[in-house]
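Peer 1:
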Amino acid sequence: MAGRDAEIEKPLGGATKMGKVPKMAKVKNKAPAELQITAEQLLREAKERELEIVPAPPKQKIQDEEELRDFQMRKRKNFEDAIRKNRSVLSNWIKYATWEESQGVLDRTRSVYERALDVDHRNIGLWLKYTEMEMRNKQVNHARNLWDRAVTILPRANQFWYKYTYMEEMLNNIPGCRAVFERWMEWEPDEQPWLTYIKFELRYKELDRARQIYERFVFVHPDVKNWIRFARFEESHGFINSSRLIYERAVEFFGEEHMDEKLFIAFAKFEENQKEHDRARVIYKYALDHMEKEKCAELFKAYTIHEKKFGERLGIENVILSKRKYQYEEEVKENPMNYDAWFDFIRLVESEGNVDVIRETYERAIANVPPSKEKHFWRRYIYLWINYAVYEELEAGDMERARQVYRAALDLLPHKRFTFAKLWLLYAQFEIRQKDAATARRALGSALGKCPKAKLFRGYIDMEIQLREFTRCRTLYEKFLEFNPENVQTWMKFAELETLLGDVERARALYELAIGQPRLDMPEILWKAYIDFEIEQEETDRARDLYKRLLNRTQHVKVWLSFAQFELQVDHEDRLEEARHVYEEANRKLRQNGEKEERLMLLEAWKQFEKEQYMDTNDEKPLRAVEKLMPRRVKKRRKIQSEDGSDQGWEEYFEYIFPEDEADKPNLKLLAMAKMWKKNKEQEPTEDTNRTEEASDDTTTATSTISGDEPGQDTREDENPDADDQDIVNESDSDDESDEEK
Numbered sequence: 035m036a037g038r039d040a041e042i043e044k045p046l047g048g049a050t051k052m053g054k055v056p057k058m059a060k061v062k063n064k065a066p067a068e069l070q071i072t073a074e075q076l077l078r079e080a081k082e083r084e085l086e087i088v089p090a091p092p093k094q095k096i097q098d099e100e101e102l103r104d105f106q107m108r109k110r111k112n113f114e115d116a117i118r119k120n121r122s123v124l125s126n127w128i129k130y131a132t133w134e135e136s137q138g139v140l141d142r143t144r145s146v147y148e149r150a151l152d153v154d155h156r157n158i159g160l161w162l163k164y165t166e167m168e169m170r171n172k173q174v175n176h177a178r179n180l181w182d183r184a185v186t187i188l189p190r191a192n193q194f195w196y197k198y199t200y201m202e203e204m205l206n207n208i209p210g211c212r213a214v215f216e217r218w219m220e221w222e223p224d225e226q227p228w229l230t231y232i233k234f235e236l237r238y239k240e241l242d243r244a245r246q247i248y249e250r251f252v253f254v255h256p257d258v259k260n261w262i263r264f265a266r267f268e269e270s271h272g273f274i275n276s277s278r279l280i281y282e283r284a285v286e287f288f289g290e291e292h293m294d295e296k297l298f299i300a301f302a303k304f305e306e307n308q309k310e311h312d313r314a315r316v317i318y319k320y321a322l323d324h325m326e327k328e329k330c331a332e333l334f335k336a337y338t339i340h341e342k343k344f345g346e347r348l349g350i351e352n353v354i355l356s357k358r359k360y361q362y363e364e365e366v367k368e369n370p371m372n373y374d375a376w377f378d379f380i381r382l383v384e385s386e387g388n389v390d391v392i393r394e395t396y397e398r399a400i401a402n403v404p405p406s407k408e409k410h411f412w413r414r415y416i417y418l419w420i421n422y423a424v425y426e427e428l429e430a431g432d433m434e435r436a437r438q439v440y441r442a443a444l445d446l447l448p449h450k451r452f453t454f455a456k457l458w459l460l461y462a463q464f465e466i467r468q469k470d471a472a473t474a475r476r477a478l479g480s481a482l483g484k485c486p487k488a489k490l491f492r493g494y495i496d497m498e499i500q501l502r503e504f505t506r507c508r509t510l511y512e513k514f515l516e517f518n519p520e521n522v523q524t525w526m527k528f529a530e531l532e533t534l535l536g537d538v539e540r541a542r543a544l545y546e547l548a549i550g551q552p553r554l555d556m557p558e559i560l561w562k563a564y565i566d567f568e569i570e571q572e573e574t575d576r577a578r579d580l581y582k583r584l585l586n587r588t589q590h591v592k593v594w595l596s597f598a599q600f601e602l603q604v605d606h607e608d609r610l611e612e613a614r615h616v617y618e619e620a621n622r623k624l625r626q627n628g629e630k631e632e633r634l635m636l637l638e639a640w641k642q643f644e645k646e647q648y649m650d651t652n653d654e655k656p657l658r659a660v661e662k663l664m665p666r667r668v669k670k671r672r673k674i675q676s677e678d679g680s681d682q683g684w685e686e687y688f689e690y691i692f693p694e695d696e697a698d699k700p701n702l703k704l705l706a707m708a709k710m711w712k713k714n715k716e717q718e719p720t721e722d723t724n725r726t727e728e729a730s731d732d733t734t735t736a737t738s739t740i741s742g743d744e745p746g747q748d749t750r751e752d753e754n755p756d757a758d759d760q761d762i763v764n765e766s767d768s769d770d771e772s773d774e775e776k
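Here the sequence shown is numbered in the working numbering, starting from 35 and rising by one per residue.
1. Just to confirm the assignment, what range does the beta strand (DSSP E) spanning residue 683 have?
2. Under a three-way DSSP split, which group does residue 668 fall into?
3. Which residues in the same chain have their Cβ closer than 7 Å to the Cβ of residue 215, if we skip the five residues on either side of it in sequence?
4. With C-beta atoms as the reference, is residue 332 less than 9 Å away from residue 299?
5. In chain order, which beta strand (DSSP E) runs of at least 3 residues are fully inside the stretch 210-296?
6. Does the beta-carbon of residue 294 have 16 or more other beta-carbons within 10 angstroms, so that it is buried, or is it exposed?
7. Of the residues 716, 587, 324, 617, which one's Cα is nearest the Cα of residue 601?
8. Taking contact to mean 3 or more Cβ pairs, one atom from each stretch, closer than 8 Å, check whether the stretch 122-129 and the stretch 153-164 are in contact.
9. Determine the contact status of residue 595 and residue 563, defining contact as a CB-CB distance below 9 Å.
10. Grab me the residues of residue 184's own chain with a C-beta within less than 6 Å of its C-beta, minus the 5 sequence neighbours each way, in chain order.
11. Are the stretch 671-678 and the stretch 639-654 touching, with three or more C-beta to C-beta distances below 8 Å?
12. Report yes or no: do three or more beta-carbon pairs, one from the stretch 481-493 and one from the stretch 508-515, lie closer than 8 Å?
13. Considering only the alpha carbon of each residue, which of 631, 671, 650, 692 lies closest to residue 661?
14. What three-state label does DSSP hand residue 662 in the structure shown?
15. Since residue 126 is in the alpha helix (DSSP H), which residue starts that stretch and which ends it?
16. According to DSSP, what are the bridge partners of residue 673?
17. Touch check for the stretch 469-476 and the stretch 442-460: three-plus C-beta pairs under 8 Å?
18. Going by Cα to Cα distance, which pick from 402, 559, 550, 436 is closest to residue 526?
19. Please go through the same chain and pick out, in chain order, the residues whose beta-carbon is closer than 6 Å to the beta-carbon of residue 503, but skip the five residues on each side of it.
20. For residue 635, which residues of its own chain have a beta-carbon under 6 Å away from its beta-carbon, when the five flanking residues on both sides are left out?
21. For residue 252 and residue 264, which I take to be in contact (beta-carbon distance under 8 Å), what is that distance rounded to the nearest angstrom?
22. Does the pairing of the stretch 69-77 with the stretch 94-110 give three or more beta-carbon distances under 8 Å?
23. Please give me, in chain order, every unbroken run of the beta strand (DSSP E) with length at least 3 that falls completely inside the stretch 605-653.
24. Could you work out which residue in 391, 418, 181, 120 is closest to residue 153 when comparing CA atoms only?
25. If you count every other CB in all the chains shown that lies within 10 Å of the CB of residue 458, and 16 or more means buried, which is it?
26. Starting from the C-beta of residue 494, find all residues in its chain whose C-beta is less than 6 Å away, skip the five residues before and the five after it, and write them out in chain order.
27. When you measure from the CB of residue 370 to every non-hydrogen atom of the ligand SAM, does any distance come out below 8 Å?
28. Smallest Cα separation from residue 314: which of 576, 303, 411?
29. Tell me which same chain residues have a C-beta within less than 7 Å of the C-beta of residue 732, skipping the five on either side of it?
30. Who are the Cβ neighbours of residue 613 in its own chain at under 8 Å, not counting the five residues just before and after it?
31. By alpha-carbon positions, which one of 324, 374, 187 ends up nearest to residue 399?
32. Would you call the stretch 134-151 in contact with the stretch 167-187, where contact means no fewer than 3 C-beta pairs closer than 8 Å?
33. Taking the alpha helix (DSSP H) that residue 191 falls in, what are its first and last residues?
34. In the DSSP assignment, find the alpha helix (DSSP H) that holds residue 96 and state where it starts and stops.
35. Would you call the stretch 359-367 and the stretch 334-345 touching, i.e. three or more CB-CB distances under 8 Å?
36. Would you tell me roughly how many angstroms separate the C-alpha atoms of residue 820 and residue 626, rounded to the nearest one?
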């Protein structure tokens with residue numbers, strides 16, 4: 035069933051010129067519509083909306099074969115009807131096939147599945163259902179044929195290959211399973227299928243075949259981990275020389291451009307397991323000499339561990355650590371304020387594990403206090419203190435020394451100029467871990483007294499919440515609000531806490547205090563949270579009152595739209611009328627304020643609302659009323675002036691003209707036409723009577739235009755040619771433009 039686009043010309047408002055026959059409606063475009071509506075679509079929509087509620091068929095017991103055939107015929111008819119309505123819903127096909135299978139009719143089951151595959155042959159689940167049906171009924175050859183078709187059509191679907199090989203192996207068809215694996219590997223799948231193939235061969239003790247698969251695998255996926263896996267495979271089966279050869283091939287394969295520390299670490303550990311410590315040492319040295327220093331941190335650590343186990347400590351310090359330490363010593367001598375170099379130096383010293391040396395290095399680093407009192411110079415420096423305290427707590431286990439580090443850092447900071455809330459909070463958390471909540475509270479209280487910050491308040495409140503000290507939380511929130519009453523998030527968090535504690539009236543009082551503040555950073559979020567709070571408490575009257583109070587402060591269109599949506603969601607009989615009343619009031623207010631863009635947005639939302647109601651009630655009267663309020667868009671132009679007052683030309687813009695606004699000024703164009711006629715008459719007093727009659731006709735035309743007789747005439751509010759805002763389109767072009775707008 036095809037729809038047609040019909041553009042119909044008809045007079046506005048049903049009025050006609052005096053003595054003229056109204057124009058007849060005619061179809062301008064007889065071409066088929068772009069969107070074609072079919073009978074299947076109509077049936078599907080009717081089914082989705084459940085316009086026809088059919089009662090469930092009564093239960094019956096089948097007594098003989100004739101009743102069984104009748105039952106089967108009815109079921110098949112229902113399934114076929116469901117499929118005919120929407121062929122793309124594969125669940126209908128699967129239900130149909132499952133039912134046929136339950137009836138024991140495999141031929142029909144296969145037929146249903148084949149028809150479903152014609153609809154969507156790329157659906158993996160459909161293939162799996164089909165093949166599982168064949169395997170359940172012990173139709174091995176059918177299942178094998180299906181797997182073969184599936185992997186041919188969808189070779190990148192690994193599920194099919196896994197199922198296919200598993201079936202062949204369960205049937206003890208090892209050569210057939212191997213052939214399937216070989217077909218699979220020709221497509222060069224991901225790593226896991228290769229490993230599955232290798233495990234399959236190992237299950238049947240086929241080491242040579244597994245080795246050949248590994249040879250192909252490392253060239254298809256040339257990653258370091260795959261070469262290492264290959265070498266460990268050889269090592270696990272006792273082929274030591276082959277494993278060493280594979281490591282050497284891997285080093286040669288990647289070359290010096292793509293060297294990876296993981297490969298050398300694995301190679302060295304392999305030699306270490308074979309008691310070849312000299313070989314392992316040579317591998318470590320070769321890698322450290324040829325790789326970039328930034329990329330061999332783990333390699334250096336592994337080399338250090340190896341030398342600690344099997345080498346001399348003096349040799350490690352002389353060969354490796356001395357060189358690195360010398361570099362860092364030179365860097366910190368050149369610039370003691372280079373805190374990044376100190377971090378690297380400390381990290382190197384920590385890798386040795388000498389506690390005294392680590393503490394000495396930390397003390398040397400923190401001795402370089404920034405000379406400036408600007409906070410951004412202290413940001414990196416303060417982390418030296420934090421890392422020092424964390425090391426003493428976690429690594430050294432000296433809690434008293436960690437406490438001294440925190441306190442020394444806090445004493446060093448010029449809190450009158452700036453502070454670091456992170457340091458205060460870390461110290462408080464440290465004291466909490468030491469089960470000394472009183473000291474933690476004193477520290478944070480001192481921080482708030484010296485340098486109150488929002489982060490400190492939030493951290494203190496979170497700590498008290500974790501300690502379940504809700505009275506202290508209330509006190510802190512009050513102090514926080516005294517410190518910064520403009521922060522909306524603080525009011526909301528405080529009210530949320532009271533709500534969780536079950537004190538609804540207290541939360542409501544907090545919201546009232548919040549919205550009464552003279553200055554807020556994000557008041558719209560606060561009002562929304564307050565309204566949502568009342569809605570959650572099922573206080574619809576309070577929520578409605580809040581909307582009205584908010585609208586007394588602002589006439590923003592989004593507030594009106596939210597109010598209308600709220601009225602629509604309230605569960606009472608007159609909710610549609612209430613929502614419609616909100617739209618009407620919003621339109622009236624926005625019209626008074628002269629906000630055309632917001633008014634257009636409101637009307638569009640109102641129109642959408644009425645469309646949805648029309649679908650439910652089939653009452654098109656409210657929808658037509660809203661459509662009459664929709665504006666028309668007119669292209670205009672205005673002068674552009676620079677800052678010094680000079681003209682910069684004209685620019686085009688669009689303006690929306692609302693029918694209600696035009697109705698308030700019905701006689702402007704008539705007066706303009708009469709003024710022009712009078713001016714022409716004064717300039718040409720000697721003209722004959724015909725000119726007078728033409729002027730009268732012009733006046734009549736203007737009158738009929740205002741009353742809506744001529745469709746497409748552009749009503750202008752300002753006909754002065756010297757005004758800043760002028761229409762671009764001439765009077766002769768206004769009819770064509772109006773037709774296009776229709």
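The C-beta atom is built at its ideal place from N, Cα and C for all residues, glycine as well.
Peer 2: Based on what the coordinates show:
1. Here residue 683 corresponds to residue number 649 of the sequence shown, with the count starting at 1. Unbroken beta strand (DSSP E) run through residue 683: 681-691.
2. Indexing the sequence shown from 1 puts residue 668 at position 634. Strand, per DSSP.
3. Along the sequence shown, one-based indexing puts residue 215 at 181. Result list for residue 215: 199, 231, 234, in chain order.
4. Here residue 332 refers to the residue found at position 298 when the sequence shown is read from its first residue. Here residue 299 refers to the residue found at position 265 when the sequence shown is read from its first residue. In this structure, residue 332 sits near residue 299, with a CB-CB distance shorter than 9 Å.
5. Listed in chain order, there is nothing to give.
6. One-based indexing of the sequence shown puts residue 294 at position 260. Result: buried.
7. Your numbering for residue 601 matches position 567 in the sequence shown. If we check each option's Cα against that of residue 601, 617 comes out closest.
8. Judged by Cβ distances under 8 Å, the stretch 122-129 makes contact with the stretch 153-164, as three or more pairs qualify.
9. Within the sequence shown, the letter at position 561 stands for residue 595. Within the sequence shown, the letter at position 529 stands for residue 563. No.
10. Along the sequence shown, one-based indexing puts residue 184 at 150. Once the five neighbours on either side are set aside, the close Cβ partners of residue 184 are 161, 194.
11. Verdict: no, contact absent.
12. Result yes; three or more Cβ-Cβ pairs closer than 8 Å.
13. Here residue 661 corresponds to residue number 627 of the sequence shown, with the count starting at 1. The residue from 631, 671, 650, 692 with its alpha-carbon nearest to that of residue 661 is 692.
14. As a first step, residue 662 is located in the sequence shown; it is residue number 628 there, counting from the start. Of the three classes helix, strand and coil, the one that applies to residue 662 here is helix, per DSSP.
15. Position 92 of the sequence shown, counting from 1, holds the residue named residue 126. Element bounds for residue 126: 124-136.
16. Position 639 of the sequence shown, counted from the first residue, corresponds to residue 673. Residue 673 pairs with 684.
17. Segments in contact, no.
18. The residue labelled residue 526 in the question sits at position 492 within the sequence shown. Answer by Cα proximity: 559.
19. Within the sequence shown, the letter at position 469 stands for residue 503. Taken in chain order, the list of residues that qualify is empty.
20. For this step, residue 635 is matched to residue 601 along the sequence shown. The answer, listed in chain order, is 591.
21. Residue numbering aside, residue 252 sits at position 218 when the sequence shown is read from its first letter. Residue numbering aside, residue 264 sits at position 230 when the sequence shown is read from its first letter. Correct: roughly 6 Å between the Cβ atoms.
22. Result no; under three Cβ-Cβ pairs closer than 8 Å.
23. Whole beta strand (DSSP E) segments, 3+ residues: zero.
24. As a first step, residue 153 must be located in the sequence shown, where it is residue number 119. Of the candidates 391, 418, 181, 120, 120 places its Cα closest to the Cα of residue 153.
25. Here the question's residue 458 lines up with position 424 in the sequence shown. Buried, because 16 or more other Cβ atoms sit within 10 Å of the Cβ of residue 458.
26. Indexing the sequence shown from 1 puts residue 494 at position 460. By the criterion of a C-beta distance shorter than 6 Å, residue 494 is surrounded in its chain by 478, 510, once the five residues flanking it on both sides are discounted.
27. Summarising the ligand content, the structure contains no ligands, and the ligand SAM is consequently not present.
28. The residue labelled residue 314 in the question sits at position 280 within the sequence shown. If you compare the alpha carbons of 576, 303, 411 with that of residue 314, the shortest gap goes to 303.
29. One-based indexing of the sequence shown puts residue 732 at position 698. Unreliable positioning characterises residue 732 in this predicted model, as indicated by a pLDDT of 42, which lies under 50. The coordinate reading is nonetheless provided below. Excluding its 5 nearest sequence neighbours in each direction, residue 732 has C-beta neighbours in its own chain below 7 Å: 707, 711, listed in chain order.
30. As a first step, residue 613 must be located in the sequence shown, where it is residue number 579. Within the same chain, residue 613 has close Cβ partners 598, 599, 601, 602, 643.
31. By one-based count along the sequence shown, residue 399 stands at place 365. For residue 399, the nearest C-alpha among the options comes from 374.
32. Yes, the stretch 134-151 is in contact with the stretch 167-187.
33. To locate residue 191, count along the sequence shown from 1; it is residue 157. In this chain, residue 191 is not harboured by any alpha helix (DSSP H), its DSSP state being neither H nor E.
34. On the sequence shown, position 62 is the one that residue 96 refers to. Premise fails: residue 96 is in no alpha helix (DSSP H) and is neither H nor E.
35. Result no; under three Cβ-Cβ pairs closer than 8 Å.
36. Any question about residue 820 goes unanswered here, given that the chain covers just 35 to 776.
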